[in-house]
Amino acid sequence: MTKNDQPDEKQQGENNHDIDDSVLGTARIDPNEFRSTSANPDRLSSFKYSVAGMIYMFRHEQSIRALTLVTLFILMLLLWLDIGNVDAALVLLSLGIVWMGEFINSAVEAVVDLATDEVHPLAKVAKDVAASAVMLGTFIMLLVAVLILTPPLLDKLGI
Amino acid sequence: MAYRVGNKCIVRRINDKKDVPPELDESVIGTMRINPRSYKKIWNHDMVDRTKYALAGLLYLLLRERSIGNIAKTAALVLALSLWLRIDLVHGVLIFLSFALLWTVETLNSAIEAVVDLVTQEIHPMAKVAKDVAASATLVATITASITTLIFIAPPLYEKLKPFLASP
């Protein structure tokens, strides 16, 4: 890493957007100026697109099907063992984190595929890091589920 | 080429040899060997900068994004309800966590939308996939937050409203 301390005005001029670098600068940017499509007109169309994304995920993602099975299994366990509200909410929240990670991961993958067709190290970094977010969420979900579900399960089975 | 702007961020030109596709190391530690700084034009190297940009993003969301405002309103309503019903501290913390999850996903959704708009101006199927899937992540988080809130708010609310409901 060589750091050259001399500013080079010519290269800075390549950027044709003036970026306001203050804290309020980001809020002054109007996203509609840069969009090819307009923003969603109402809440119903936002909802429509999120359902469309969900159908896409169920159709094309293997991991979502496995996750659905795991979720149904855990939900059935939750109903079968009558555990407390707090425990059920903790398991549900950790499941929600895994689902959310899976969706964000797929979105990042789609963005990377959209951005470039080439093989690029940064594309690899983006996809790998997004995947490891899902993995971390899954580990934590499994840990929470095992910690909460094991004692009542053992009680129920009479061990 | 790398140079400084002010004394805050370091600007660096993207690698000139763009046409040659770089060889990817597909092993487990291959990703670790990639240095992101050699591909970035700007990066934040101190805590003050990072905090500043995080605050800037938050301000942007509050002013420009309608759904963040909706979440803020809903969160205020739920907070008022839970104070009125005097629910347990643990229950309140769980509701708070689910709303934090929802807020995080909404933020990531906006970030992904911005990246998509940055990458292409055309209408492209993968742009639709990216935006729709990110939107459904917020749907999932909304469902989680609603279930968590219902679990803890509905029973005490029913108890509180029982005298009014059973009057006729």
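So the sequence lines, in the order shown, correspond to chains A and Y. Here the first sequence is numbered in my numbering, starting from 1 and rising by one per residue. Here the second sequence is numbered in my numbering, starting from 160 and rising by one per residue. Yeah, the Cβ is synthetic: ideal placement off N, Cα and C, and Gly gets one too.
- With respect to chain A, the C-beta atom of MET285 of chain Y has a partner C-beta closer than 9 Å.
- Listed in chain order, the positions of the segment 266-280 of chain Y with a beta carbon within less than 9 Å of a beta carbon of chain A are LEU267, ASN268, SER269, ILE271, GLU272, ALA273, VAL274, VAL275, ASP276, LEU277, VAL278, THR279, GLN280.
- With respect to PHE103 of chain A, SER295 of chain Y sits close: the two C-beta atoms are nearer than 9 Å.
- Just measuring C-alpha positions, the residue of A:LEU78, A:SER22, A:ILE148 sitting nearest THR210 of chain Y is A:SER22.
- Contact annotation for ALA293 of chain Y against chain A: GLY53, PHE103, ILE104, ALA107 [CB-CB distance below 8 Å, chain order].
- The beta carbon of ILE230 of chain Y sits closer than 8 Å to the beta carbons of PHE258, LEU261, TRP262, GLU265 from its chain, once the five residues preceding and following it are set aside; these are given in chain order.
- For a Cβ distance threshold of 8 Å, residue set LEU93, GLY96, ILE97, MET100 of chain A lies close to LEU260 of chain Y, ordered along the chain.
- Between GLY189 of chain Y and LYS127 of chain A, the gap from beta carbon to beta carbon reaches 9 Å or more.
- At least one beta carbon of chain A lies nearer than 9 Å to the beta carbon of VAL288 of chain Y.
- Residues LYS156 of the same chain have their beta carbon placed closer than 8 Å to that of TRP80 of chain A, with the five preceding and five following residues left out of the count.
- Interface flag for VAL264 of chain Y against chain A is set, since a Cβ pair is found closer than 9 Å.
- Inter-residue distance for SER197 of chain Y and ASP247 of chain Y is about 51 Å (C-alpha atoms, whole angstroms).
- Interface flag for ARG35 of chain A against chain Y is set, since a Cβ pair is found closer than 9 Å.
- Counting along the chain, the unbroken alpha helix (DSSP H) around GLU318 of chain Y starts and ends at 284-324.
- Look at LYS211 of chain Y: its C-beta is under 9 Å from a C-beta on chain A.
- Around the CB of HIS250 of chain Y, 16 or more other CB atoms lie within 10 Å, so the residue is classed as buried.
- In this structure, THR303 of chain Y lies away from LEU122 of chain A, with their beta-carbon atoms at least 9 Å apart.
- Beyond the five residues adjoining it in sequence on each side, ASP184 of chain Y comes within less than 7 Å, by CB distance, of ARG192 in the same chain, given in chain order.
- With a 10 Å radius around the Cβ and a threshold of 16 neighbouring Cβ atoms, ILE64 of chain A comes out buried.
- In terms of Cβ geometry, THR279 of chain Y and ALA286 of chain Y form a close pair [threshold 9 Å].
- Contacts with chain Y at 9 Å (Cβ-Cβ) include PHE47 of chain A.
- A check of alpha carbon separations from HIS60 of chain A across A:LEU153, A:VAL146, A:ALA110 identifies A:ALA110 as the nearest.
- The alpha helix (DSSP H) runs of length 4 or more contained entirely in the segment 39-119 of chain A are, from start to end of the chain, 43-60, 62-80, 85-115.
- Think of a sphere of 9 Å around the beta carbon of PRO151 of chain A: no beta carbon from chain Y falls inside it, the nearest being about 18 Å out.
- Counting other Cβ atoms within 10 Å of its Cβ, THR68 of chain A stays below 16 and is therefore classed as exposed.
- Put simply, the backbone Cα of ASP20 of chain A is about 13 Å away from that of TYR219 of chain Y.
- Inter-residue distance for ASP117 of chain A and ASP276 of chain Y is about 17 Å (C-alpha atoms, whole angstroms).
- For the segment 112-138 of chain A, the beta-carbon criterion of a distance under 7 Å to any beta-carbon of chain Y is satisfied by ASP113, LEU114, ALA115, GLU118, VAL119, HIS120, PRO121, LEU122, LYS124, VAL125, ASP128.
- Assigned with DSSP and collapsed to three states, ASP18 of chain A falls in coil, not helix or strand.
- For ARG223 of chain Y, the closest Cβ of chain A is nearer than 9 Å.
- In this structure, the CA atom of LEU244 of chain Y is about 12 Å from the CA atom of LEU236 of chain Y.
- Rounded to whole angstroms, PRO31 of chain A and LEU24 of chain A show a C-alpha spacing of 15 Å.
- Non-local beta-carbon contacts of PHE58 of chain A in its own chain, meaning distances under 8 Å to residues more than five positions away in sequence, involve ILE64, ARG65, THR68 in chain order.
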